[in-house]
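Novice: The C-terminal position of the sequence shown is numbered 293 in our numbering, with every residue numbered one higher than the one before it. Where is the CB? At the ideal position from N, CA and C, for every residue including glycine.
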Amino acid sequence: MSASFLTCHYLHATGKRCGSPALRGEQFCFYHHPTRRPPARTRPSRTPFDLPPIIDAETLQIALSEVSRRLADNTLDPKRAGLLLLTLQMAKANLPAIAHYLCQPDSPLPEPDPNLPDLSELLTGPGLHPTLSAPGRWYPT
C-alpha cells in the first residue's frame, strides 16, 4: 500500500466519504479501520429499585412486571432476576395465607399445604440465616 491516502475512504450510508485523516499507509481512519475493536459492552447498572409489598395478585403482577422490564432493559443481572422471580413464585404460593390474615388478623394462619416442597435449602445461600425465634423465617444478615 502506498502512503498516498490522505483521507479515510469509508463511505457512509448517504454515499458521502468520511473525510477524516487516514492512518499512515492505510485507507481508513482510526475509527473506520477494520482492526478497530467494537466498544466494550457495559455491564448492567446496579440501580436500586423498589418492589411493592406482595399482598394481593395485583401487587404480585406489578412486581413481576418490574423485574421483567428491568431484565429486558439489561439493567438487572440475570442471576439476581432469577432469585427475585423465585421469591415472587414463593409469594404467589403464600397469597391465600396473606389474604386470610388480612381479612381476619386475629385468627390463626391456616396450616401450610403438606404437598408443597420444602424450599428452605434454597435459601441457605450467603447473606441469609434462620432466626431462632421464628423457625422457617429467613432474614438478611
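1) Does the Cβ-Cβ distance between Thr239 and Thr199 come in under 9 Å?
2) Who are the Cβ neighbours of Arg222 in its own chain at under 6 Å, not counting the five residues just before and after it?
3) Return the residue from the list Tyr183, Arg176 and Glu218 that minimises the CA-CA distance to Tyr162.
4) Return yes when the Cβ of Leu247 is within less than 9 Å of the Cβ of Ile206, no when it is not.
5) Would you list the residues sitting across from Arg169 in a DSSP beta bridge?
6) Name the residue from Leu212, Asn267, Asp208 and Phe201 whose alpha carbon lies nearest to the alpha carbon of Arg232.
7) Distance, Cα to Cα, Ala209 vs Ser220?
8) Taking the alpha carbon of Gln213 as the reference point, which residue from Asn267, Lys244, Gly167 and Pro230 has its own alpha carbon closest?
9) What's the C-alpha gap between Arg169 and Phe180?
10) Closest to Leu175 by C-alpha separation, out of Thr159, Ala224, Asn267 and Glu218, would be which residue?
11) Where does Arg188 sit, in a helix, a strand or coil, going by DSSP?
12) Any beta carbon of chain D sitting closer than 9 Å to that of Leu228?
Specialist: The structure says:
1) no
2) Leu228
3) The alpha carbon of Tyr162 has as its nearest neighbour, out of Tyr183, Arg176 and Glu218, the alpha carbon of Tyr183.
4) yes
5) Leu163
6) Phe201
7) 16 Å
8) The option with the nearest alpha carbon to Gln213 is Lys244.
9) 10 Å
10) Thr159
11) coil
12) Considering every chain present, this structure includes no chain D. It has just one protein chain.
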